[in-house]
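**Q** First residue of the sequence shown? That's 1 in the UniProt record's numbering, and the numbers climb one at a time after it.
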Amino acid sequence: MAFGILIVVGLKTTWRGYFILLFYFLVHCRWHAVSSWTWDAQDETCGICRMAFDGCCPDCKLPGDDCPLIWGACNHAFHLHCILKWVNSQSAQAHCPMCRREWQFKE
Numbered sequence: 001m002a003f004g005i006l007i008v009v010g011l012k013t014t015w016r017g018y019f020i021l022l023f024y025f026l027v028h029c030r031w032h033a034v035s036s037w038t039w040d041a042q043d044e045t046c047g048i049c050r051m052a053f054d055g056c057c058p059d060c061k062l063p064g065d066d067c068p069l070i071w072g073a074c075n076h077a078f079h080l081h082c083i084l085k086w087v088n089s090q091s092a093q094a095h096c097p098m099c100r101r102e103w104q105f106k107e
């Protein structure tokens with residue numbers, strides 16, 4: 001089902017004296033989504049080093065070393081060593097590497 005709205009936006013005269021009606025025709029259509037895309041906040045890899053969270057980051061020697069996960073206020077998770085390097089490498093205010101929001105540690 002669709003319906004339209006005619007909106008007159010102006011009247012213009014050509015060099016021969018003819019009038020031209022300027023208008024827009026807006027069409028409203030009903031839309032039915034077949035599928036949708038959502039961001040998976042429960043990603044299983046670090047967004048900086050791309051290593052799995054159940055493994056270890058490149059700075060750690062062995063899996064199981066003290067490499068905890070750190071969440072930001074934006075709900076993105078990273079290895080502790082990875083996000084600390086990222087924050088320290090930013091010259092100005094640090095931003096989340098995934099969504100570019102201002103980085104703040106989740107409390």
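Glycine included, C-beta positions come from ideal geometry on N, C-alpha and C.
Is residue 97 closer than 8 Å to residue 55 when the C-beta atoms are compared?
**A** No, Cβ-Cβ distance for residue 55 and residue 97 is not below 8 Å.
**Q** Which value, in whole angstroms, describes the spacing of the CA atoms of residue 45 and residue 86?
**A** The straight-line gap from Cα to Cα measures roughly 16 Å.
**Q** What is the rounded straight-line gap between the Cα of residue 73 and the Cα of residue 34?
**A** Residue 73 and residue 34: Cα-Cα distance of roughly 32 Å.
**Q** Output needed for residue 59: all residues of its chain with C-beta closer than 7 Å, excluding positions within five of it in sequence on either side, in chain order.
**A** Cβ within range, chain order: 81.
**Q** Does residue 78 pass the burial test, meaning 16 or more other C-beta atoms within 10 Å, or should it be called exposed?
**A** Buried, because 16 or more other Cβ atoms sit within 10 Å of the Cβ of residue 78.
**Q** For residue 68, I'd like the list of residues in its chain whose CB is within less than 6 Å of its CB, leaving aside the five on either flank, ordered along the chain.
**A** Excluding residues within five positions, the ones whose Cβ falls inside 6 Å are 80.
**Q** Leaving out the 5 sequence neighbours to the left and right, which residues in its chain are closer than 7 Å to residue 104 when beta-carbon positions are compared?
**A** Closer than 7 Å at the Cβ level, and outside the excluded window around residue 104, lie 72 and 73.
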